[in-house]
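Numbering (my numbering), first residue to last: 6 to 675.
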């Protein structure tokens with residue numbers, strides 16, 4: 006957020022750096038020790054993986070025994086080599102042994118599937134939570150320069166894209182490897198000559214598989230980039246603000262067309278991803294399926310040549326084992342391809358996990374409670390600030406700003422849009438880091454304080470009120486989860502909103518809708534004030550909290566703000582000078598500098614920039630006569646938030662009745 010106006014991208018319009026962002030997403034970053042870091046994700050579940058490994062080895066070993074029994078069924082039970090009658094007793098034993106092995110293999114498979122599914126999904130969940138938690142620690146500037154859809158894509162699409170690998174890779178590699186090795190051993194034991202014929206093409210298949218994997222990895226990166234763009238379009242255009250914008254400009258068809266175009270690209274990439282390697286696997290399948298026919302042909306020549314080592318049982322057992330070799334061999338190749346494909350997704354995930362927050366606590370950071378100065382005292386000493394992504398030749402946002410706000414004092418900042426007022430507010434709780442100079446909170450440099458302790462002592466009411474799609478009560482308790490109903494109601498009374506909430510059919514259990522769109526601007530703003538009052542901080546930051554409201558709503562909200570500011574150190578930004586007339590000190594900010602300071606009266610008398618700003622608002626606000634004007638008459642029947650027959654309660658009366666429930670900390674000046 007820059008200056009006083011904030012800003013941000015508008016739904017339907019791409020930022021100027023979109024193409025650069027698309028290229029950055031499509032090109033997977035190089036992550037050192039990527040494989041080792043992926044393996045480390047499984048470390049907390051090593052015992053479950055060990056048990057799974059034992060079951061996999063056991064299951065794979067069991068699976069190759071039946072073909073060996075088949076050889077005995079043919080050569081010893083059904084067609085004894087000595088030409089005698091079938092041995093039915095041996096046949097019963099062999100058949101029962103085979104059925105028992107099938108049952109045991111099935112049971113092992115069920116337990117193995119449960120374990121692998123549990124471990125894999127937990128690792129996926131851990132990775133998603135770890136990524137979300139790390140993003141929570143990033144500085145505010147990261148989110149102002151990164152599209153929300155891109156962040157959502159990393160959390161949902163990328164993590165979801167690797168979930169199958171995390172769930173099945175370990176068991177697939179281990180199980181298929183054991184099966185392949187055991188099958189090869191069994192084939193060698195049955196007939197080494199036939200084994201050579203069966204595996205002669207494997208090296209060629211492995212080389213082709215590597216090439217296919219590289220192609221699939223590239224397509225996977227393009228597919229995830231396209232998914233990221235689809236997510237960004239969805240987030241931008243299907244939010245309440247996005248829908249309102251597209252409808253107001255009649256751009257629904259344009260947005261649908263933009264989504265459809267990207268969706269076509271996504272479909273094309275998904276088809277390419279699905280088909281890449283299919284020709285290779287078709288060739289592998291044909292080759293492996295043709296091996297038995299070749300074995301029959303070779304066996305015929307061997308038998309015709311007088312070799313008595315090849316029997317019917319040998320041929321049947323060998324082809325049975327060789328058939329069992331097909332699926333695990335293809336499974337290993339698919340896992341190898343999946344690993345190559347997923348490497349791009351893992352790299353994108355770890356790229357975000359490797360981001361280092363620009364604002365971090367110092368190793369020896371202390372709590373605000375241990376700071377030397379009085380709680381509520383804020384001081385800027387020659388503070389300079391430049392946004393990290395600003396052009397090298399651009400003017401710094403703040404240039405040598407110095408001021409002091411004493412506990413309980415109301416300090417206001419006014420000035421042209423973009424002068425740096427909002428930046429001053431955001432530097433106070435260290436949402437941004439000063440480029441030079443010092444910001445002191447309670448007498449200590451904010452870089453020597455823990456971020457949590459600073460934020461715990463600051464309440465922010467911004468121009469854009471953000472409410473969750475939840476009940477009013479849940480939105481209020483976001484500030485204090487353990488707040489009682491009495492505390493919630495007391496905060497709402499002090500914010501001049503309790504009587505409005507009571508008139509709703511469900512009262513405090515009313516769902517406000519996405520971003521609070523079911524409420525008016527004044528109602529949302531007063532709920533935001535009540536939320537801050539429930540937090541009960543000693544420092545209050547007001548960022549143009551009434552600039553978007555109509556005159557009646559502004560008056561009601563301003564009354565609530567005045568009540569909230571009593572006894573707290575308050576830093577406020579205002580475009581309407583009428584809202585800061587009563588401030589103890591008014592600082593006029595221009596081009597990143599404080600050019601004037603004083604009270605309303607002294608600044609008017611000085612005839613500087615403040616006087617010019619006041620003159621510009623004279624026609625609508627009559628601010629020059631505000632001090633001498635009669636107080637406006639209060640007409641209950643004209644107040645937007647009060648029933649005609651309801652007596653108007655002043656903020657002082659509400660405060661006197663409800664302050665005890667909100668809290669009465671020692672730092673209050675009154």
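Even glycine gets a Cβ: it sits at the ideal position worked out from N, Cα and C.
Residues bridged to residue i [DSSP beta-bridge criterion]
i           : result
residue 320 : Paired residues: none, contrary to the question.
residue 450 : 445
residue 273 : DSSP, once it has assigned bridges, lists no residue as partnering residue 273.
residue 304 : Answer is none; residue 304 lacks a bridge partner.
residue 576 : 416, 546
residue 463 : 544
residue 371 : 454
residue 476 : 516
Nearest-angstrom beta carbon gap, residue j and residue i [assumed within contact, 8 Å]
i           : j           : result
residue 574 : residue 410 : 5 Å
residue 4   : residue 114 : No answer is possible for residue 4: the residues shown for the chain start at 6 and end at 675.
residue 465 : residue 403 : Wrong, their Cβ atoms sit about 19 Å apart, outside the cutoff.
residue 516 : residue 524 : About 10 Å; that fails the 8 Å criterion.
residue 326 : residue 202 : About 13 Å separates the two Cβ atoms, so there is no contact after all.
residue 140 : residue 357 : 7 Å
residue 232 : residue 158 : 6 Å
residue 433 : residue 372 : About 17 Å; that fails the 8 Å criterion.
residue 82  : residue 95  : 5 Å
residue 378 : residue 448 : 2 Å
residue 340 : residue 174 : 6 Å
residue 439 : residue 390 : 6 Å
residue 39  : residue 347 : Not a contact, Cβ separation roughly 10 Å.
residue 191 : residue 307 : Not confirmed; about 19 Å, so no contact.
C-alpha gap between residue i and residue j, whole angstroms
i           : j           : result
residue 4   : residue 576 : Not covered by the structure: residue 4. The range shown for the chain is 6 to 675.
residue 200 : residue 137 : 51 Å
residue 596 : residue 507 : 46 Å
residue 615 : residue 445 : 27 Å
residue 71  : residue 106 : 7 Å
residue 322 : residue 110 : 19 Å
residue 62  : residue 55  : 11 Å
residue 185 : residue 178 : 10 Å
residue 118 : residue 51  : 16 Å
residue 394 : residue 163 : 27 Å
residue 46  : residue 128 : 6 Å
residue 583 : residue 458 : 33 Å
residue 352 : residue 75  : 48 Å
residue 590 : residue 603 : 5 Å
residue 522 : residue 337 : 53 Å
residue 412 : residue 511 : 40 Å
residue 477 : residue 399 : 43 Å
residue 280 : residue 266 : 21 Å
residue 562 : residue 436 : 26 Å
residue 598 : residue 430 : 14 Å
residue 570 : residue 540 : 13 Å
residue 463 : residue 542 : 5 Å
residue 588 : residue 414 : 8 Å
residue 98  : residue 84  : 16 Å
Extent of the continuous beta strand (DSSP E) run through residue i
i           : result
residue 470 : Segment: none, residue 470 is in no beta strand (DSSP E) and carries neither H nor E.
residue 603 : 598-603
residue 547 : 544-548
residue 389 : 383-390
residue 415 : 415-419
residue 404 : 403-410
residue 594 : 590-595
Own chain partners of residue i with C-beta closer than 7 Å, once the 5 adjacent residues on each side are dropped
i           : result
residue 579 : 417, 419, 549, 585
residue 618 : 419, 582
residue 116 : 60
Neighbourhood of residue i by C-beta distance below 6 Å, restricted to the same chain and skipping five residues each side
i           : result
residue 480 : 472, 473
residue 316 : 80
residue 180 : 61, 65
residue 58  : 179
residue 565 : 500, 501, 531, 534
residue 1   : There is no way to answer for residue 1, as the model of the chain reaches only from 6 to 675.
residue 354 : 163
residue 36  : 352, 355
Own chain residues within Cβ distance below 8 Å of residue i, not counting five before or after
i           : result
residue 89  : none
residue 239 : 154, 264
Opening and closing residue of the alpha helix (DSSP H) in which residue i lies
i           : result
residue 115 : 93-141
residue 73  : 70-77
residue 493 : 490-499
Residue i at chain D interface by Cβ criterion, 8 Å
i           : result
residue 444 : Judged by its chain identifiers, the structure shown contains no chain D, having just a single protein chain.
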